[in-house]
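Peer 1:
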Amino acid sequence: MSPRQRDLTAAGAGAVFAALGDAVRLSLLSRLCDGQPQSITQLTRGTGLSRQGVSKHLRVLERSRVISSKRNGRESLYVLRPKTLVQARIYLDRASAQWDAAAARLKMLVEN
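Residues 266 to 377 in this note's numbering are what the sequence shown lists, from first letter to last.
(1) Who does Lys-335 pair with in a DSSP beta bridge?
(2) Between the C-alpha atoms of Trp-364 and Lys-372, what's the straight-line distance to the nearest angstrom?
(3) Per DSSP, Gln-303 forms a beta bridge with which residues?
(4) With respect to the alpha helix (DSSP H) encompassing Gly-277, which residues constitute its N-terminal and C-terminal limits?
(5) Quick check: the Cα distance between Thr-312 and Val-331, rounded to an integer number of angstroms?
(6) Hey, Val-319 and Leu-308: beta-carbon distance below 8 Å or not?
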């Protein structure tokens, strides 16, 4: 698989950005940034949300591949998938470069 094939598609990037567009989900992500797997009980603590509410947000993050979960006995442990965030950053950098190039072409047309 080439590096370009591993990049996020527009749909994949859209799912990541939509998942990141919620304050609760951003808060959950920041709690997972230390790299340590955490249970839903740990992630719910101090949020003021129910376990079901946090579970709903975790499912959104998991569907967008920003986090992953694995079973450990009777509980699921959640971890951050930094590679997905790196891919989203690459997508934004590429889009930014395209807009910069388009703006430069427009500037040249206007000035000439």
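Beta carbons: idealized from backbone N, C-alpha and C, even for Gly.
Keep in mind it's a predicted model, so treat the numbers as computed, not measured.
Peer 2: In this structure, then:
(1) Locating residue 335 in the sequence shown gives position 70, where the first residue counts as 1. Looking at the DSSP assignment, Lys-335 forms a beta bridge with Leu-342.
(2) In the sequence shown, counting from the first residue as 1, residue 364 sits at position 99. In the sequence shown, counting from the first residue as 1, residue 372 sits at position 107. Their backbone Cα atoms lie some 12 Å apart in a straight line.
(3) Counting from one through the sequence shown, the residue named residue 303 turns up at place 38. Its beta-bridge partners are Tyr-343.
(4) The residue you call residue 277 lines up with position 12 of the sequence shown. It spans 275 to 285 - the alpha helix (DSSP H) in which Gly-277 sits, taken as one unbroken run.
(5) Counting from one through the sequence shown, the residue named residue 312 turns up at place 47. Counting from one through the sequence shown, the residue named residue 331 turns up at place 66. When rounded, the distance between both Cα atoms is 20 Å.
(6) Along the sequence shown, read from residue 1 onward, the residue named residue 319 stands at position 54. Along the sequence shown, read from residue 1 onward, the residue named residue 308 stands at position 43. The answer is yes: Cβ separation under 8 Å.
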